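Undergrad: Starting off with a structure, shown below.
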Amino acid sequence: MKIIVQKFGGTSIASRDLRIRVGEIIRSTRDEGYAVVVVVSAMGRKNDAYATDTLINLVTDTNPNPAPRELDLIMACGEQISGVMLSAQLATMDIESQFLTGPQAGIVTDGNFGNAHIRYINPKKIMECLAQGIVPIVAGFQGMSEEGELNTLGRGGSDTTASALGVALNAEFIDIFTDVEGVMTADPRIVQNARLLDEVTYNEICQLARDGAKVVHPRAIEIAMQKGIPLRVRSTFTESVGTLVTNRIAGFDEPVKIVSDRLITGITYTSNIAQFKIITSQIENPRGLELKIFKSLALADISVDFINVQPEIIMFTVPVEQAGKGVEVLKNLDIMPAVEHDCAKVAIVGAAMTGIPGIMARVVEALTESDIQILQSGDSYTNIWCLVKKQNMQRAVQALHDKFELGKK
Ligand code: ASP
Ligand code: MG
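Structural data, given as structure tokens:
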């Protein structure tokens, strides 16, 4: 049996017309000879009636700090509603289906409320459905711990469900249907000539996703990669083939083609970042300063990023909503940081950039030509990050996209 896992995101199943469209996609995939396993996420987006955020607000309006266990129970409802609705729609289209919750689908999690990992899957019920020609529709984003508690998988976790099922069922493909064409060289809302990438490696898409491209959850990629199951990112709304994520493309008659990482794959960004700067010469007793600072921030549960410790200066960033708390923590240590509230991190992602001279020179050239100041920079073997003022973010992304000619094939 050739199996495909097809995951439909919230915006793909938000209305009856869309659910009919999804039914047609499922039908045509079956007509191609595949057994289809469907994964759904909650319908719609923020402010829609059954979206995950709406369900969270429902309970936090009554109690801002609900027990994690109860929060998971309400968060998991969204996928159940959309799964039942899709199943009802398919029935009207003469496609027999059965909705399964995460636990019914045999998804066993590690017990970590709100951010569980999948331990293993026992796909007995799914296989029973498939053997009878029934389309199993699995609720994404949820599973059950061995103690019998319902867990959610972290925001965006239905991609992870799809990927884990693809691996467990040894699927031919994992299809992630969403509201964008596929993986692009930059956010098309910001960059006019952003281009669809037909093929990317697992590594490339992972780096893009980690640095802010919101196409597929990075954990889902990591899981698919473990067994080399090809993943396709596709739009529910168009016929476009989307982006194929794989390391190897082998046709039946063709020799195996190895796809390699590109020098530069794309430009991504994350905003709502605050930069903290502490000049050590202004501190009366700077002994053990670094330790005090980072320990206190950790105790206050503040996550730091873009960390740069030098004898004269200590710099780091925090999510902007934690900036106030961060200042408080430092004040208690008699430290007055300089805080730049409206920052954004722009990333140049290229898994093959390591050891290639001149990339940073082009980054600086692009930003200088556009009069954009780099507040801080950092790099890894696959990325260069620049911190810029948020007001410059869009221009920075466009300038870098142009400089590396990513709009050209
Ligand atoms: N509905 C969940 C969320 O909003 C899971 C998902 O959409 O992937 O995070
Ligand atoms: Mg999602």
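The sequence shown runs 0 to 408 under numbering that gives the first Met the number 0. The beta-carbon is built from N, C-alpha and C at its ideal position, and this holds for glycine as well. Predicted model only: the values in this text are computed from it and were never measured.
(1) Could you check whether the segment 392-402 touches the segment 264-273, counting it as contact only if at least three pairs of C-beta atoms, one from each stretch, sit closer than 8 angstroms?
(2) Using 10 angstroms around the beta-carbon of ILE306, count the other beta-carbons present and answer buried if the total reaches 16, otherwise exposed.
(3) Would the segment 162-176 and the segment 192-208 be scored as touching if the rule is three or more Cβ pairs under 8 angstroms?
(4) Please confirm if the segment 181-195 is in contact with the segment 237-248, defined as three or more CB-CB distances below 8 angstroms between the two stretches.
(5) Could you tell me how far apart the beta carbons of VAL37 and VAL134 are, in whole angstroms, since I believe they sit closer than 8 angstroms?
(6) Considering only residues of the same chain and omitting the five flanking positions on each side of MET92, which have a CB-CB separation below 6 angstroms?
(7) Helix, strand or coil: which one does DSSP assign to GLU339?
(8) Looking at the strands, I want to know which residues DSSP matches up with TYR119.
(9) For THR163, which of helix, strand or coil comes out of DSSP?
(10) For ARG15 and GLN88, what's the separation of their Cα atoms in angstroms?
(11) Flag PHE140 as yes when its Cβ comes closer than 7 angstroms to any non-hydrogen atom of the ligand ASP, and as no otherwise.
(12) Is the separation between the beta-carbon of LEU152 and that of GLN274 shorter than 8 angstroms?
(13) For the segment 36-95, which segments carrying the alpha helix (DSSP H) assignment without a break, of at least 4 residues, lie completely within its bounds, in sequence order?
(14) For MET352, which beta-bridge partners are listed by DSSP?
(15) Run the proximity test for THR235: is its beta-carbon closer than 7 angstroms to any non-hydrogen atom belonging to the ligand ASP?
(16) The alpha helix (DSSP H) spanning LEU168 covers which residue range?
(17) Name the residue from PRO356, ASN391, GLY377 and MET359 whose alpha carbon lies nearest to the alpha carbon of SER369.
(18) When DSSP builds the beta bridges, which residues end up paired with TYR268?
(19) Looking only at C-alpha atoms, which of ASP71, GLN206, ASP47 and PHE293 sits nearest to ALA351?
(20) Measuring alpha carbon to alpha carbon, tell me which of THR100, ILE117, ILE358 and LEU329 ends up nearest GLU145.
(21) Is it true that the CB of LEU57 sits closer than 8 angstroms to the CB of LEU149?
(22) If you draw a straight line from the C-alpha of ARG218 to the C-alpha of GLU283, how long is it?
(23) ILE222 and ALA208 - do their beta-carbons sit closer together than 8 angstroms?
(24) Give the DSSP bridge partners of LYS1, in chain order.
(25) Using the beta-carbon count (16 or more within 10 Å), is HIS413 buried or exposed?
(26) Can you tell me which of the three DSSP states SER144 falls into?
(27) Cβ of ASP158 within 8 angstroms of Cβ of LYS6?
(28) Three-state secondary structure (DSSP) at ARG231?
(29) Rounding to the nearest angstrom, what Cα-Cα distance links TYR33 and ILE55 in this structure?
(30) Give the DSSP-derived three-state secondary structure of LEU332 in the structure shown.
(31) What runs of the alpha helix (DSSP H), each 4 residues or longer, lie entirely inside the segment 290-317?
TA: Per the coordinate set shown:
(1) yes
(2) exposed
(3) no
(4) yes
(5) 6 angstroms
(6) GLY22
(7) strand
(8) VAL107
(9) Sequence inspection shows Ala at residue 163; the Thr mentioned does not correspond to that position. Residue state, collapsed to three classes: helix.
(10) 8 angstroms
(11) yes
(12) no
(13) 51-59, 67-74 and 76-91
(14) Per DSSP, none; premise fails for MET352.
(15) no
(16) Segment: none, LEU168 is in no alpha helix (DSSP H) and carries neither H nor E.
(17) ASN391
(18) VAL345
(19) GLN206
(20) ILE117
(21) no
(22) 45 angstroms
(23) no
(24) Paired residues: none, contrary to the question.
(25) Any answer about residue 413 is impossible in this case: the structure gives the chain only from 0 up to 408.
(26) strand
(27) yes
(28) strand
(29) 37 angstroms
(30) coil
(31) none
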